[in-house]
Structure formats: C-alpha cells, structure tokens
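The sequence shown begins at 53 in the numbering used here and counts up one residue at a time.
Glycine included, every Cβ here is placed at the ideal spot set by N, Cα and C.
All of these numbers come straight from a predicted model, not from anything done at the bench.
Worksheet: one structure, shown below.
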Amino acid sequence: MEEKLKDLEHELRQRVKGDVLFDDVSRGIYATDASIYQITPTALVLPRDREDVHAAVEIAAAHGVSILPRGGGTSLGGQAAGPSLILDFSKYMNQLLELDVEGRWVRVQPGIVLDELNAELAQHGLHFAPDPATSSRATIGGMIGNNSSGTKSIIYGLTRDHVLETELLLADGTTLELAELAPEEYEQRSQGTNGKSREAEIMGGFKQIIDANRDEIGERFPKVMRRVQGYNLDSFIDADRWNLSKLVTGSEGTLGVVVEAKLNLEPLPKHKILCAVHFAELLEAIRAVAPILEHRPSAVEIVDEEILTRARKNLSIAPLCGFIEGDPKAILIVEFFADTPEEAESKAHSLAADLREKQIGYTCPVIVAPEEQAKVWNVRKNGLGLMLGMKGDRKPIPFIEDGCIPIEVLPEYVDQILQFCKERAVPVAMYAHASVGTIHIRPILNLKDQADIDHMKAIAEFSFGLVTKYGGSWSGEHGDGRVRSPFLERFFGQQVYDALRQVKQLFDPRGLMNPGPIIDPNPMDQDLRYGTEYKTPSFPTLYHYREDGNFAQAVEMCTGVGECRKNLAGTMCPSYRATRDEKHSTRGRANGLRLAMSGQLGPDGMSDQKLYEVMDLCLSCKSCKSECPSNVDLARLKSEFLQQYHDTHGLTLRDKVIGGSGRMAAFISGWKAPLVNWFQKTWLFRRLLEAVAGFDRRRPLPAYASRPLSAWFA
53 MEEKLKDLEH ELRQRVKGDV LFDDVSRGIY ATDASIYQIT PTALVLPRDR EDVHAAVEIA
113 AAHGVSILPR GGGTSLGGQA AGPSLILDFS KYMNQLLELD VEGRWVRVQP GIVLDELNAE
173 LAQHGLHFAP DPATSSRATI GGMIGNNSSG TKSIIYGLTR DHVLETELLL ADGTTLELAE
233 LAPEEYEQRS QGTNGKSREA EIMGGFKQII DANRDEIGER FPKVMRRVQG YNLDSFIDAD
293 RWNLSKLVTG SEGTLGVVVE AKLNLEPLPK HKILCAVHFA ELLEAIRAVA PILEHRPSAV
353 EIVDEEILTR ARKNLSIAPL CGFIEGDPKA ILIVEFFADT PEEAESKAHS LAADLREKQI
413 GYTCPVIVAP EEQAKVWNVR KNGLGLMLGM KGDRKPIPFI EDGCIPIEVL PEYVDQILQF
473 CKERAVPVAM YAHASVGTIH IRPILNLKDQ ADIDHMKAIA EFSFGLVTKY GGSWSGEHGD
533 GRVRSPFLER FFGQQVYDAL RQVKQLFDPR GLMNPGPIID PNPMDQDLRY GTEYKTPSFP
593 TLYHYREDGN FAQAVEMCTG VGECRKNLAG TMCPSYRATR DEKHSTRGRA NGLRLAMSGQ
653 LGPDGMSDQK LYEVMDLCLS CKSCKSECPS NVDLARLKSE FLQQYHDTHG LTLRDKVIGG
713 SGRMAAFISG WKAPLVNWFQ KTWLFRRLLE AVAGFDRRRP LPAYASRPLS AWFA
C-alpha cells in the first residue's frame, strides 16, 4: 500500500501544476467538513486549471483511488469528507470567466465563492439568487453539488433552477457538455455519431431509466419545493426539454466533477424591508407561518430563543441585536421585495396590522434602513455558528435538521419532534426557512457518549417516520451526505432506489466518484468525528480554560462552519486571505490541534513540525475570538501549542535573539550604541545574521539609544 501511494504521489507531482499534499497534517485537516463525520482522504490536489483536474482524475482512476470534488467544506451531511483524492478548487480555480449582462448569465469556475461572485455582479444590478447562510465561503461548485437554496427560495427556488450548463468530467476521463436540449436534439445525441460514444450511452441510458420508472418516480418523490434527496429524477418526468445539468446538481460529486458552469442571473431587488415578528411561544411562531405567507413575502426565517440568547452574549454579534424587544421565545424575520420604498413600507405595515388584528405575536417592528436590515440578517446567518458555540461536549447535532414539511402540517411535525426529544431529556435548538417548511431542528447531544449516539439514531428514526407520514422531503437543502443516505432506500422504495443506483452505475461504473453518499451508504453512526473511541489525554497547560471546560474542549469549539474562510467582510482570518490555504484558516489550525491532542498525529503530535508550520502564519490578531461565531480563540491555543512545541524542541537562535532583545538593549545602549548601530548596517553583519538566525538581510534592525533610559533618572 505504501508503495502504491508513493507511485500515486510521484505521478501527481509530475503532472499537476497546483498543490499536491500527502502529509498527515494536511490530510487530517481535510478529513472533516461541518458535519459529525471524519474520514481521512488519500491525498489532496488543489488544481490550477482544467488540465490539472483532468490529470488528477486520470491518475487517481488509474490507481483505483476514488475522487471527491470539494467546495468550501461547509457540508452538514458529511458529503465533503471521504477516503478519496480530494480536489479543492477554492484556492486557484475561482474565476469569473464570462459575463453577459444583457443575456443575464455568467460562466464561472467551481471554486468561486458566492459572495465574491455577487459582489462583481452587483455592479451590473444582477446576482446569483440562491443565498445559503454560508454564502461568504460557499463555492459555486459546492452549491451545485449540494443543490443549495437559502432564505429566498420561496421566490428563487434552488440552485438547480439556475444552472444553465455544466462541463462535467467523468472518472473515466470523458467530458460531457450538458445543456438544455429539445427532444429531437436529445434523441440525436443519444444515438451518437460515428459509433456509440460515452455521451450517447449516458444520454440514451438515462432516458431508458426515466421511461421505465416514470410513474413510480412521480409517485414516490415528495411534492414540496425543497427536495434534494437522491438524484433529481422527478425533474425529467414531465419536462419537454431535458438538461442533464439538473441531474448533476444535487448529486454531491457522486457522478462526476463540475469543471465549469454557466449560471442564470436575476436582477437585484430594488427595495427591501423587514418585519421582525416576536413571539412568546415557539409553536405560536410556527403556526403563524401560514397566515404570513398570505402576504407573499420573499422570505420568512425563524430564529429561536437559544440563538437569540447566544447572539446577545456574543462579542461580535451582540451589537447587531438592537431589533430584539423583550425576551422572545422565537422571532420570524419576514422580508418583502418592492419596486419603490412606498410599496415596501405598505407591504410591511399591512402585515403588521394584520398580525395585530389577529393577535399573532406580541410585537412586529418594521425595519427600513438597509444597514439595520443587514444586522438582522447577520444574526440569522450566524445562527448555526452561535448554536455550535455551546461549551462542553454536548452540541446541536445536524442529522434531522433538513426535513422539509408541508406548511399546513409543520406545527404538528415540530411539536411531535419536540415532545419526542423531551421524553428523552434531549434539548433542541432550531432556526431556518419557515417559509418553505424547512425547520433546522438540532437535538443537543454528546456523540462521545454511546447513550447519546443511541438517542441520535432513535430521534432520526422517529423524524423519518413523520417526514414520510406527512409527505415531506427527508433532505430539504443540506443534501443526503453520509447522515441521511442510509434512509433513502426506505424513503423511495426499492424500484426508485434501484433507478438511482442505475444512474450512478451509468455515470460512474467503477464507483470512483465520492463513494458513500446516496448509493450504498454506511450506517449513520459510522466514521464519527468523535464517537466513543475518541480520547483526549490531559497534559499540563500554560493557561487555564475554565470558561471552556478544558484545553481539549476549547479546541473542539471549532465545528467546521468555516466562517474564517470569508474574504470580503471583517478581518478573520488574515493568513487565510493571503494564502487561501485551508491549513492557514482558523478552522484548519483548530482541526490540526484537535488531531494532535487526541493522538491522531502520533504520540508526538503536539510537537509535530508540520503542525508548527500550520500555526506559524497565525498573526495572533484575535480576529477569531471576536468574529468566529463559536468564539474560537486560536491566538491563545497557538500560544499553548508553542509552549508544548518549544518544551520538546527548545528555542532556535532566532527565538533567543528576539526573546533576549530587551536584555541586549540594556547592555548595548549608551557609549557602545553608535558603534553597534554602524556595524549592524554593514553588508557583512546582515549576511551573517541571515545565515545564522534567519533574519532577512533587507530588513533594517532597530537602532540602540546612545543615552540609556536609566540615565534619564540619574
């Protein structure tokens, strides 16, 4: 096995211009996403261009190594973690390639971040409409893989509704150009030219799958708008014009690698306004969704008491909470679009008046100023991170959070889930897209404890039963991943699940594309990031960690949401912004520390040279302490690591020179200062200092004072 990996590494380094990583620290950092899973990849490739992608896929396939295309690594279902060759497009392949303002479309590489794309498009009055809460670091490739949506899906739908074309690279090296085709065009390409091509085989085979299962697909797929489980077979049963990009969207990298995509754009709304409807009871807020929808809002989002309380206590988010009145158990954030400010205010005040008349909620402030609206949305967008910032081992766990329920039975669903969890003494937190029936319910569990793992499985079974009973969708926007895929065969029934398997076989007959999600999954409690085997041996620390519990729990505050990968707002994380390397993000460093302290980097993990390199570029600026929703204090954790590292390795000459600079200044200042100041400017001294201590010879050194400070008081 070792020899095969060496051959794989050698071939990749020979042909790939981008970064090729095989070291344990880098692989460990990429072993997780924002889910409950951890699976160490075989290797990592950060491709620079299309040729790199083709080379990496060809080499991996030749070695029988599976392939996992990865975006921002913010998946909640585990679909961005796997035992594969990971392709991370976010560092290099992140460009806007072509923009047609009049035609309202854009062509992009998969690694471009949504907020960065929309910042460019806003100059032309356009945007890519799906808006997940992770938009500051979510890549378009990841959004296509996941079929992401967001707060405005009641108006804009899902990513599949906006993908016009994709360039898809299959594991066998075939490139498919997928676009919308009229029936005769599709039939022609299904026949192929000059013999049966791979494209013709796939297009013809897919049509046969749909034709053979059309009635059952129509029967078994849920009728709610938010449905992303399995492959989007139901998009084809009644469509006149077929676009296989809709099949690829939401496939979680299990069919092929999206190398480029052409996207539909929407005009930016001219005016927006918010109502923040406050409720004294959570279920009252859930019941209020249906009457609010009668006013045709663009979004209705729910934030519960747990998030509101944490928001008010968070260093960076507390200043945004001025819109909260009293102590609500829940707030519904209701947004309206309009062509004029007057129309916007009319819609908002009409809703407020209607709610007062019906005695729904106890207050409904209308928020007009754009900067104040931004504060409200920032509280909502940080909801996930705020929940995950809970101290201790119990965290809000994502596994039933993605069910989408018809609005008319949503209150019953939520009430039954809450009662079931209450009977097991399991608290919950929730937030999400009330307008479309997707309530992100997160039971608060400790997955290091077998009893709580059993609770997780029991709650999942109960929730699954309710979702199917009420005609809902098991995966509403976060995808199947490794956490929900084990339920798909029961959800769809044998015939439709076999059709999904045939689609996978058609595109990826060797099973090399991201094995695990959707088809032939492992049990949901396999490959847990923590689990009962996870241990963190205690060791003496430099600092106390009373507020976090202990050093290990301070490190484990990072749950992978990836806020530290943003590039436009705030200051976190400056080293990631400079390098776009995952290992130089707060998340990457926290993951490295977690692996080291738990023994996953070997007995000397806390003194590992590769981990030292990961920590080295941290500026200790404390941006993470204030901007990370979980308040991970990486500067403090870095200091702890450096203490452990230097206790093992000792100090370098450079460290000793810097550490002793105060004593040196006291000794040299005075009559010796002019001579030393002259000598340290010489070419010989600068060359010598660079060679011995690593100080760049171009950097001028501080001059010593001719009159020491002590002489001032003599």
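Of the listed residues the options, nearest to residue i (C-alpha basis)
i, options, result
"V300", "K708, I449, L335 and G197", "G197"
"A757", "I254, E424 and M716", "M716"
"H594", "L689, L564 and I459", "A small fix is needed here, since residue 594 is Leu in this sequence, not His. Out of L689, L564 and I459, L689 has the C-alpha closest to the C-alpha of L594."
"E464", "S515, A421, P422 and M442", "S515"
"H115", "E61, N284, L73 and E333", "E61"
"S127", "K474, G302 and A745", "G302"
"V160", "R364, K733, L317 and P569", "L317"
"L605", "L540, S682, L367 and R536", "According to the sequence provided, residue 605 is Gln. The question's Leu does not apply to it. When each option's Cα is compared against that of Q605, the closest is S682."
"T520", "P479, G455 and I571", "G455"
"D264", "R432, D550, A342 and E333", "Residue identity differs from the one stated: residue 264 is Ala in this sequence, not Asp. The shortest C-alpha separation from A264 is found at D550."
"V352", "Y89, E55, I459 and W526", "I459"
"D707", "D668, L727, Q732 and D660", "D668"
"R380", "A421, S402, E333 and A363", "It is Pro, not Arg, that sits at residue 380 in the sequence shown. The candidate whose alpha carbon is nearest that of P380 is E333."
"L166", "Q131, W157, N146 and V153", "N146"
"E236", "K248, G256 and E219", "G256"
"W294", "Q502, H596, G614 and K259", "K259"
"E54", "F74, G70, V68 and Q66", "F74"
"G523", "P274, P182 and R122", "P274"
"V77", "G746, G601 and D656", "D656"
"Q411", "A337, D85, I138 and K509", "A337"
Length of the line joining the Cα atoms of residue i and residue j
i, j, result
"E679", "T226", "43 Å"
"S201", "E346", "22 Å"
"H492", "D356", "11 Å"
"L663", "G644", "7 Å"
"M277", "N430", "25 Å"
"D267", "D577", "34 Å"
"L705", "E742", "11 Å"
"E119", "L499", "Here residue 119 turns out to be Ile, not Glu, going by the sequence shown. Answer to the nearest angstrom: the Cα atoms are 28 Å apart."
"A252", "G244", "5 Å"
"F544", "P538", "12 Å"
"Q695", "L438", "30 Å"
"E394", "H176", "24 Å"
"S368", "S242", "55 Å"
"P575", "P371", "43 Å"
"L169", "R750", "39 Å"
"L326", "L403", "10 Å"
"V72", "D104", "11 Å"
"N199", "P569", "14 Å"
"I261", "A113", "26 Å"
"P589", "F603", "10 Å"
"Q90", "L98", "20 Å"
"Q471", "E304", "33 Å"
"S675", "D560", "44 Å"
"I449", "H636", "26 Å"
"K447", "A718", "52 Å"
"P93", "Y82", "7 Å"
"V158", "L320", "15 Å"
"G489", "A340", "12 Å"
"L360", "A382", "8 Å"
8 Å contact criterion, which residue i and residue j should meet: CB distance rounded
i, j, result
"H330", "T415", "5 Å"
"P573", "R534", "6 Å"
"G134", "G194", "Not a contact, Cβ separation roughly 14 Å."
"D504", "G129", "Wrong, their Cβ atoms sit about 19 Å apart, outside the cutoff."
"S659", "T700", "4 Å"
"I289", "G270", "5 Å"
heavy atom of the ligand COA below 6 Å from residue i C-beta
i, result
"T520", "This structure simply doesn't include the ligand COA, nor any ligand for that matter."
Report yes or no: do three or more beta-carbon pairs, one from the region 307-316 and one from the region 384-394, lie closer than 8 Å? no
Could you name each continuous alpha helix (DSSP H) segment of 4 residues or more that falls completely within the region 272-353, going from the start of the chain to the end? List check, alpha helix (DSSP H) in window: 297-300, 334-339 and 341-345.
What runs of the alpha helix (DSSP H), each 4 residues or longer, lie entirely inside the region 102-129? You should have 102-114.
For the region 411-472, which segments carrying the beta strand (DSSP E) assignment without a break, of at least 3 residues, lie completely within its bounds, in sequence order? none
Would you say the region 331-344 touches the region 182-189, given that touching needs at least three Cβ pairs under 8 Å? Taking 8 Å as the limit for Cβ pairs, the verdict is that the region 182-189 does not touch the region 331-344.
Kindly provide the ranges of any alpha helix (DSSP H) runs that are 4 or more residues long and lie completely inside the region 671-756, ordered along the chain. Those alpha helix (DSSP H) runs which fall completely within the region 671-756 and span 4+ residues are 675-679, 686-701, 705-711, 713-720, 725-731 and 735-745.
Uninterrupted alpha helix (DSSP H) stretches inside the region 588-629 (no shorter than 4 residues): Taken in chain order, the complete alpha helix (DSSP H) segments of 4 or more residues contained in the region 588-629 are 603-607.
Closer than 8 Å is the cut-off here; do at least three beta carbon pairs connect the region 469-481 with the region 556-566? no
Curious, which full-length beta strand (DSSP E) runs of at least 3 residues does the region 512-559 contain? none
Considering only residues of the region 191-225, which uninterrupted beta strand (DSSP E) runs meet the minimum length of 3 residues and lie entirely inside it, listed in chain order? 215-221
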